[in-house]
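Engineer: Sharing a structure with you now.
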Amino acid sequence: MIKFSIKKWRSTIYYYKVALLKSSAPILTYSYKSKIEVGKVVKVPLKSKVKRGVIVEETTKPIDFETVDILEIEDKFYTKEQIEISEFISKYYFCSVGEALNLYIPHNNSVETKSVELEEINSPNLSKAQQIAFNNLLKKDLALLFGVTGAGKTEIFISLIIKNLKEKKRTILLMPEISLTPQMEKRLKRYFNDKIAIWHSRLTKKQKQNILDRLNRGEIYIIAGARSALFTPIKDVGLIIVDEEHDDSYKSMMKPRYHARDMAIYIGRKIGAKVVLSSATPTLSSYYKYDIVRLKEPFIKTKKRYIFIEGNGISNLILEKIEYNFKKGEQSLLFIPTRGNFKYLYCPSCGETQKCPNCSVGMALHAKYRQIKCHYCNHTQPIPEICNSCGYSPLTTKRIGTAEAKEIIEKNIEGIVVEQFDKDTITTPTKLKKALERFEQKKSHILLGTQMLSKGHDYANITLSVILGIDYILGISDYRAREKAMSLLVQIAGRSGRAKSADIIVQSANGDFFEMYIEDYEEFLKDELEFARDLYPPFVTLARVLISNRSEKRAFNTTKEIVSKLEEFKEIEIVGHGKAPIEKIANKYRYQILLRSSKRVPMLKALHQINNPQIEIDIDPVEFH
401 MIKFSIKKWR STIYYYKVAL LKSSAPILTY SYKSKIEVGK VVKVPLKSKV
451 KRGVIVEETT KPIDFETVDI LEIEDKFYTK EQIEISEFIS KYYFCSVGEA
501 LNLYIPHNNS VETKSVELEE INSPNLSKAQ QIAFNNLLKK DLALLFGVTG
551 AGKTEIFISL IIKNLKEKKR TILLMPEISL TPQMEKRLKR YFNDKIAIWH
601 SRLTKKQKQN ILDRLNRGEI YIIAGARSAL FTPIKDVGLI IVDEEHDDSY
651 KSMMKPRYHA RDMAIYIGRK IGAKVVLSSA TPTLSSYYKY DIVRLKEPFI
701 KTKKRYIFIE GNGISNLILE KIEYNFKKGE QSLLFIPTRG NFKYLYCPSC
751 GETQKCPNCS VGMALHAKYR QIKCHYCNHT QPIPEICNSC GYSPLTTKRI
801 GTAEAKEIIE KNIEGIVVEQ FDKDTITTPT KLKKALERFE QKKSHILLGT
851 QMLSKGHDYA NITLSVILGI DYILGISDYR AREKAMSLLV QIAGRSGRAK
901 SADIIVQSAN GDFFEMYIED YEEFLKDELE FARDLYPPFV TLARVLISNR
951 SEKRAFNTTK EIVSKLEEFK EIEIVGHGKA PIEKIANKYR YQILLRSSKR
1001 VPMLKALHQI NNPQIEIDID PVEFH
């Protein structure tokens, strides 16, 4: 056991508030014999252990307790802005200041950071439409670049980064992890060489440390990566770009449950950096809230023919189309959605899923209880035998998987090589690189996979896309089901026809719905705003309270107590409460409460009133499992 002495007399003693990193503990007060700068990383005693923390404020001597000394001062530090941003994260996303600060990688005090020294960089040749978009973005501090797939948004990013470098400023470029392909890395390094670093979860510890050392020395001008790149120790940031801003992977599913897109906007305002969001299929909220810069035409105009067919799985027609494309020497893409955690009953005849009468979302199948259930309001009903929409029977849950699809294609088309592209197969960076190299060199002929296919893969020879299971996405238990399905269809279709005409086969019983919007996503967003009005974001704020406990009785009672407290807040609507869709994780029973309010501030006030260590609060949730 480590012993710590408390000295009762010194000529001068300074007192500091310290946030403990990686800890849910509140801010604690410690003392030290000399002055320490706010933001410094220190080591402090806590009971019998030594913890790392951050000085967040100098304070006065506490009246009602004695303090213990800070043990050590490290070379690392957090800036004033990082502390203030972490305090915001703590309040808005319901975590401790220490947990919020831990998102950041601190700066290194022992290294002198060089300023930006611009070498000659050749800017991309922009088309007239790209140049207009670029000029419009220069006029705005925050804007949404809404451009069709293949419009050349990356060239606009590169032009903005070069302009930012000329002003001696650095850039953060955020992308979903699945967009950080070797192809995208090569494209960016063609312009910026070693001045850009790619930051993602597949880097080794040594690779990450090398990037951090170079960041601290000021040798890196652009950090491109997944959401954690936002919290790297990069200085003098003048531009933050959030590509594919609609992607749910920007939302952390662990505490702190922050959204990187929303934090990029907040940080941009805080440090005076320009923020550009970008997507071919922006979220409803971003489309509604922010200034829009449009790119309505692809850089290379090609003809795309959409063919809607009904059925389930890989039909003879699909096999014939793939074989015809293969024999022409061209490549194909076949998309199958991920299975997810839940099954949904859908109608093979009309494609409809069984919807909740209260929430307009699909109801998940719980075969164990012989019922279907809404994961929003917890409405349940017996498993139906016939379709509510058209009367067809029987309903089905069966969907094809990637391994089964690969087997069917290779069995029926002689000589074709299928590149299976999902998380079960692509498990390392090396496997990803080799798979894409085989496809680029035409050693494989069809990319077959899940949502991993929807980003960052631009191959001129893909002239056929086959999209299966889109009706399943349309019927999931999510108020954004239509938005997710439409977005995914547009994104997958956008992988083909980049350089020459292409066919897109969509297997769906809802062809009429998709055909209405496939060429005009903005029209879809306008109609979807009417669907969301008064019920869902951007018009209301949603929050999810998650309760978990090893004792089911305690979890149930805690839920009951919290619901009782929340009922006192008149501006908060309790949409539903009960067992969470995934009822047990890590031997803990899980319950949830879903809340809605037309005003954000009353929602936050109510949540702070009920917040305690037994619960987890997810503000602006994107999943409800």
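For what it's worth, the working numbering labels the leading residue of the sequence shown as 401, then goes sequentially.
Even glycine gets a Cβ: it sits at the ideal position worked out from N, Cα and C.
Note that this is a predicted model, so its numbers are computed, not measured.
1) Pick out whichever of Ile846, Leu545, Lys701 has its Cα sitting closest to the Cα of Ile692.
2) Answer yes or no: does any C-beta atom of chain B fall closer than 7 Å to that of Ile846?
3) Give me the DSSP bridge partner(s) of Arg694.
4) Which term fits Lys586, buried or exposed, when burial requires 16 or more other beta carbons within 10 angstroms of its beta carbon?
5) Do Glu430 and Tyr414 have their C-beta atoms within less than 7 Å of each other?
6) In the DSSP assignment, find the unbroken alpha helix (DSSP H) run with Lys480 in it and report its ends.
7) Less than 7 Å between the beta carbons of Phe494 and Ile1017, yes or no?
8) From the DSSP output, in three-state form, read off Val468 for me.
9) Checking 7 Å against the spacing of the C-beta atoms, do Arg570 and Tyr621 come in under that value?
10) Leaving out the 5 sequence neighbours to the left and right, which residues in its chain are closer than 6 Å to Ile641 when beta-carbon positions are compared?
11) If we ignore side chains and look at the alpha-carbon of each, how far apart do Leu733 and Ile427 end up?
12) Which word fits His1008, buried or exposed, when buried means at least 16 other C-beta atoms lie within 10 angstroms of its C-beta?
13) Just to check my reading of the structure: Ser527 and Gly552 have Cβ atoms closer than 8 Å, yes? What is that Cβ distance to the nearest angstrom?
14) Assuming contact is defined by CB atoms lying nearer than 7 Å, are Met1003 and Ala943 in contact in what I supplied?
15) Across the region 891 to 900 and the region 919 to 934, are there enough close Cβ pairs to call them in contact, namely three or more that are closer than 8 Å?
16) Assign Tyr769 to buried or exposed, taking buried as 16 or more other Cβ atoms, counted over all protein chains shown, within 10 Å of its Cβ.
17) Quick one, which of Gln992, Asn987, Thr412 has its alpha-carbon nearest Val963's?
18) Would you check if there are 3 or more beta carbon pairs closer than 8 Å linking the region 705 to 717 to the region 957 to 977?
19) Let me check one thing: in DSSP terms, what residues is Glu555 bridge-paired to?
20) Confirm, please, whether the CB-CB distance from Ile786 to Ser793 is below 7 Å.
21) Using a Cβ-Cβ cut-off of 7 Å (strictly less than) and excluding sequence neighbours within five positions of Val497, which residues of its own chain qualify?
22) Just to check, is the beta-carbon of Leu853 closer than 6 Å to a non-hydrogen atom of the ligand NAP?
23) Just to confirm, are Lys704 and Ile870 a CB contact at a threshold of 7 Å?
24) Can you give me the C-alpha to C-alpha distance between Gly618 and Asn508, rounded to a whole angstrom?
25) Check each candidate in Leu630, Phe534, Phe969 and name the one with the smallest Cα separation from Ile505.
Structural biologist: Working from what's here:
1) Mapped onto the sequence shown, residue 692 falls at position 292. Of the residues Ile846, Leu545, Lys701, the one whose Cα lies closest to the Cα of Ile692 is Leu545.
2) Absent here is chain B; the protein component of the structure consists of one chain.
3) On the sequence shown, residue 694 is found 294 positions in, with the first residue counted as 1. Under the DSSP definition of a beta bridge, Arg694 partners with Phe546.
4) Taking the first residue of the sequence shown as 1, we reach residue 586 at position 186. With fewer than 16 Cβ atoms within 10 Å of its Cβ, Lys586 is classed as exposed.
5) The residue labelled residue 430 in the question sits at position 30 within the sequence shown. The residue labelled residue 414 in the question sits at position 14 within the sequence shown. Looking at the sequence provided, one finds Tyr at residue 430 rather than Glu. No. Outside cutoff.
6) Position 80 of the sequence shown, counted from the first residue, corresponds to residue 480. Unbroken alpha helix (DSSP H) run through Lys480: 480 to 492.
7) Working through the sequence shown from its first residue, we reach residue 494 at position 94. Working through the sequence shown from its first residue, we reach residue 1017 at position 617. Result yes, Cβ atoms of Phe494 and Ile1017 sit closer than 7 Å.
8) In the sequence shown, counting from the first residue as 1, residue 468 sits at position 68. Secondary structure at Val468: coil, using DSSP grouped into helix, strand and coil.
9) Numbered from its first residue, the sequence shown carries residue 570 at position 170. Numbered from its first residue, the sequence shown carries residue 621 at position 221. Their beta carbons are under 7 Å apart, which means Arg570 touches Tyr621 by this criterion.
10) As a working mapping, residue 641 is identified with position 241 in the sequence shown. The answer, listed in chain order, is Phe557, Leu573, Val676.
11) What you label residue 733 is simply residue 333 of the sequence shown in a count that begins at 1. What you label residue 427 is simply residue 27 of the sequence shown in a count that begins at 1. Going from the Cα of Leu733 to the Cα of Ile427 covers about 53 Å.
12) Taking the first residue of the sequence shown as 1, we reach residue 1008 at position 608. So His1008 ends up on the exposed side.
13) Indexing the sequence shown from 1 puts residue 527 at position 127. Indexing the sequence shown from 1 puts residue 552 at position 152. Sure, about 7 Å apart at Cβ, within 8 Å.
14) Here residue 1003 refers to the residue found at position 603 when the sequence shown is read from its first residue. Here residue 943 refers to the residue found at position 543 when the sequence shown is read from its first residue. Note that the C-beta distance between Met1003 and Ala943 is below 7 Å.
15) Short answer: they don't touch.
16) As a first step, residue 769 is located in the sequence shown; it is residue number 369 there, counting from the start. Exposed, because fewer than 16 other Cβ atoms sit within 10 Å of the Cβ of Tyr769.
17) The residue given as residue 963 occupies position 563 in the sequence shown. For Val963, the nearest C-alpha among the options comes from Gln992.
18) The answer is no - the region 957 to 977 does not touch the region 705 to 717, with fewer than three Cβ pairs under 8 Å.
19) Residue mapping note: residue 555 aligns to position 155 of the sequence shown, counting from 1. According to DSSP, Glu555 bridges with nothing at all.
20) Here the question's residue 793 lines up with position 393 in the sequence shown. Here the question's residue 786 lines up with position 386 in the sequence shown. Ser793 is a Cβ neighbour of Ile786, given a cutoff of 7 Å.
21) Translated into positions along the sequence shown, residue 497 becomes position 97. Result list for Val497: Ala419, Ile427, Val456, Ser486, Glu487, Ser490, in chain order.
22) As presented, the structure is devoid of all ligands, the ligand NAP included, so that no description of it is given.
23) Position 304 of the sequence shown holds residue 704. Position 470 of the sequence shown holds residue 870. For Lys704 and Ile870, no; Cβs fall outside 7 Å.
24) To locate residue 618, count along the sequence shown from 1; it is residue 218. To locate residue 508, count along the sequence shown from 1; it is residue 108. So the two alpha carbons sit approximately 11 Å from each other.
25) Within the sequence shown, residue 505 is the residue found at index 105, counting from 1. Of the residues Leu630, Phe534, Phe969, the one whose Cα lies closest to the Cα of Ile505 is Leu630.
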